[in-house]
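Number of protein chains: 2
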Amino acid sequence: MQQALQIKQLTVIGVGLIGGSIARALKDGGVCEKVVGYGRNAKNLDRALELGVIDAIDMDVSSAVKDADVVVIAAPLGAMADLFRKINGYLKPGAVITDVGSVKGRVVGQARENLKDCLSTFVPGHPIAGSEQSGVDASHPELFKGRNIILTPLQETDAIALAKIRCLWEAVGANVFEMEPDHHDQVLAATSHLPHLLAYTLINTLLKVETSEEIFRFAAGGFQDFTRIASSDPVMWRDICLANQHAIIEMLENFEGDIKRLSQLIRLSDGDALLELFSSAKKARDQHIVKDEA
Amino acid sequence: MQQALQIKQLTVIGVGLIGGSIARALKDGGVCEKVVGYGRNAKNLDRALELGVIDAIDMDVSSAVKDADVVVIAAPLGAMADLFRKINGYLKPGAVITDVGSVKGRVVGQARENLKDCLSTFVPGHPIAGSEQSGVDASHPELFKGRNIILTPLQETDAIALAKIRCLWEAVGANVFEMEPDHHDQVLAATSHLPHLLAYTLINTLLKVETSEEIFRFAAGGFQDFTRIASSDPVMWRDICLANQHAIIEMLENFEGDIKRLSQLIRLSDGDALLELFSSAKKARDQHIVKDEA
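And the structure:
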């Protein structure tokens, strides 16, 4: 028999697109009574309060978490180690912590080092949801509906803590998966980090062309879709690059090799090989992706 | 005083997404009385007739163009030279020809060689519109509304022929620009050809990863947008690569160099340089592109 999750106090650290959407979704679902928000930007927290995303602000993170049943850390990757240090020792017994960081190996390492008193109740997670938008104004309660969320529990992770965080994500409509942290980072390097870096780089490559003004003017719909993710938060993507160095460099090098081979085929006017490459890509995309768009 | 364009007979060579949409738009706008369709695929032409996109089928291209006031060649780039040869000498005096090929230098060269009798009434063009879909079923009369169309007239091009084709595109709601053929090909290599090749290559790079099934399962919305253009017609993109070799290879090499530099910055953990790169890309995209999406 599954026990329904009931949260008296949820504390959200970092009330942006993701943190704000979790708060909204849990409140809308009647799962959570009170949400306390912590963040470094007082104006953003005021806005979250005004929007009803959170019920209270606490500008001291140790105090913000002390009465929480569940703490969601939705802060930038670069801030995680420091936050772990600051909340360590302040949580009440039975409180559960999760995060939503896009890279998991680094976060797990930082948790091991800095979250000593409550490592077993920390359940690392990553919702594969988001957009090129950011900030609490973009948050909405449906953000996770039908989305995948990957949890990367540690050997030390308490089974009840894991079950609670699983319930939390199911309550907001997400499909929950479990993975090893490093495997998560390899998968995301391919499916998310590489495409984002290609989109950013494409824009920068075009900016260096002499006639870049004209180029952007004649960009068609395909270009706009393709580069949408280049409007994502630069700080977040710097942090992802620094936190998932190894897997990202490997994917970039694979891609670079494939681009070199493509140039060579074009140089050789090898129409058959080009057709084969484009056909296999189209077939794979139509098969794997298009069905999700319906 | 601008004279309204009136076309008694339009002949469309290649009744797919673009050719079909031109026919629909001109008929809807009352610009054109009768549309004759030619193509190599009889089933597709029957479908076009059934949909009312064309009014008659002629499976002989020389005969299909002989009574036309305007001929639109919307065939694959690889078929152009042969089509020019076949229609040369068969057009009536005053008839105007245009094409919609995505590469203009090669098409102009082929026209010079094969369209001797009517080179001065050939107005090369390229509508920056389309989608990853293809075929007459995807055609619609609004496809060109608000889109840019680039004409690349030759020194020999007759001023009246140019004016007619300009009117034709304005009649379907497009914004008309003029450019040198080679300059067009450089601009499109940057804004269209490079992104398409990156999207195709990304899919192929991921297909080679051992866990590619899993990777596609965890692809988020950003990935779907990013790779949408990898569902485009492979034959068309093979032809574009072969027809715009030089400009495409140059852009691929620029991009490859930028990817190499990015890898290096990640390897060096140079957070400041990464932040600068991502910020400049985001700024440029938000500035140039986002406004068009509103």
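Heads up: the protein sequence lines correspond to chains A and B, in order.
Here my numbering is used: the first residue of the first sequence is 1, the next is one more, and so on.
Here my numbering is used: the first residue of the second sequence is 295, the next is one more, and so on.
Idealized CB from N, CA, C, for every residue including glycine.
Buried or exposed (CB count within 10 angstroms, at least 16 for buried), residue i
i: G383 (chain B); result: exposed
i: G14 (chain A); result: buried
i: D60 (chain A); result: exposed
i: I160 (chain A); result: exposed
i: Q186 (chain A); result: buried
i: D580 (chain B); result: exposed
i: M1 (chain A); result: Annotation note: pLDDT 38 at M1 (chain A) (below 50); position unreliable, coordinate value reported separately. Exposed: under 16 other Cβ atoms inside 10 Å.
i: R460 (chain B); result: buried
i: G125 (chain A); result: buried
i: S63 (chain A); result: exposed
i: A588 (chain B); result: Unreliable placement is indicated for A588 (chain B), whose pLDDT of 42 sits below 50; no coordinate value is reported for it.
i: R532 (chain B); result: buried
i: S21 (chain A); result: buried
i: F156 (chain A); result: Here residue 156 (chain A) is Glu; the residue named in the question, Phe, does not match the sequence. Exposed, because fewer than 16 other Cβ atoms sit within 10 Å of the Cβ of E156 (chain A).
i: D596 (chain B); result: Absent from the model: residue 596 (chain B). The displayed extent of chain B is 295 to 588, so no value can be given.
i: K321 (chain B); result: buried
i: E210 (chain A); result: exposed
i: K576 (chain B); result: buried
i: H193 (chain A); result: buried
i: S269 (chain A); result: exposed
i: Q427 (chain B); result: exposed
i: D82 (chain A); result: exposed
i: H540 (chain B); result: exposed
i: G310 (chain B); result: buried
i: G19 (chain A); result: buried
CB of residue i within 8 Å of CB of residue j, strictly
i: V306 (chain B); j: A317 (chain B); result: yes
i: V417 (chain B); j: P387 (chain B); result: no
i: L91 (chain A); j: V71 (chain A); result: yes
i: T121 (chain A); j: D158 (chain A); result: yes
i: A284 (chain A); j: I497 (chain B); result: yes
i: T485 (chain B); j: F218 (chain A); result: yes
i: A8 (chain A); j: K43 (chain A); result: Inspection of the sequence shows that residue 8 (chain A) is occupied by Lys rather than by Ala. No. Outside cutoff.
i: R147 (chain A); j: P127 (chain A); result: yes
i: F572 (chain B); j: P195 (chain A); result: no
Under the three-state DSSP convention, the category residue i falls into
i: E508 (chain B); result: helix
i: I367 (chain B); result: strand
i: A294 (chain A); result: No answer about A294 (chain A) holds up, because its pLDDT of 42 lies below 50 and its placement is not dependable.
i: H288 (chain A); result: helix
i: L5 (chain A); result: coil
i: L345 (chain B); result: coil
i: K283 (chain A); result: helix
Closest residue to residue i among the options (Cα-Cα distance)
i: A483 (chain B); options: B:I543, B:E504, B:A567, B:F416; result: B:I543
i: V103 (chain A); options: A:I149, A:V96, A:K86, A:K208; result: A:I149
i: L546 (chain B); options: A:V65, A:K27, A:S263; result: A:S263
i: G551 (chain B); options: A:D270, A:S232, A:L198, A:D272; result: A:L198
i: D182 (chain A); options: A:T211, A:E132, A:S232, A:N244; result: A:N244
i: T201 (chain A); options: A:A247, A:A230, A:K8, A:D82; result: A:A230
i: R400 (chain B); options: B:M374, B:D411, B:I422; result: B:M374
i: A129 (chain A); options: A:E180, A:L5, A:R85, A:L143; result: A:L143
i: V31 (chain A); options: A:V209, A:A4, A:L49, A:G16; result: A:A4
i: I289 (chain A); options: B:A541, B:W531, B:R522; result: B:R522
i: L350 (chain A); options: A:Q133, A:S192, A:F223; result: Lying outside 1 to 294, the shown extent of chain A, residue 350 (chain A) is not represented and no answer is given.
i: M530 (chain B); options: A:C241, A:I215, A:L274; result: A:L274
i: Y332 (chain B); options: B:K302, B:I367, B:G346; result: B:I367
i: C118 (chain A); options: A:E170, A:I87, A:V136, A:D82; result: A:I87
i: A174 (chain A); options: A:H196, A:H184, A:L151, A:P195; result: A:L151
i: C535 (chain B); options: B:D352, B:P370, B:P435, B:A465; result: B:P370
i: G135 (chain A); options: A:R40, A:D58, A:F177; result: A:R40
i: D137 (chain A); options: A:E276, A:A48, A:D233; result: A:A48
Closer than 8 Å to chain D by CB, residue i
i: R285 (chain A); result: As a matter of chain content, chain D is missing from the structure shown, whose protein chains are A and B.
Going along the chain, which unbroken runs of the beta strand (DSSP E) with 3 or more residues stay wholly within the region 55-99 of chain A? List check, beta strand (DSSP E) in window: 70-73, 96-99.
Which ranges would you report for the beta strand (DSSP E) in the region 13-43 of chain A if only whole runs of at least 3 residues count? Segments of the beta strand (DSSP E) lying fully in the region 13-43 of chain A: 32-38.
Which ranges does the beta strand (DSSP E) cover as unbroken runs of at least 3 residues, wholly within the region 109-160 of chain A, from first to last along the chain? Here the runs fully enclosed are 125-127, 148-151.
Which ranges does the alpha helix (DSSP H) cover as unbroken runs of at least 4 residues, wholly within the region 537-568 of chain B, from first to last along the chain? The qualifying runs are 539-561.
Residue ranges of each alpha helix (DSSP H) run of no fewer than 4 residues wholly in the region 453-477 of chain B, ordered along the chain? Listed in chain order, the complete alpha helix (DSSP H) runs (minimum 4 residues) inside the region 453-477 of chain B are 453-465.
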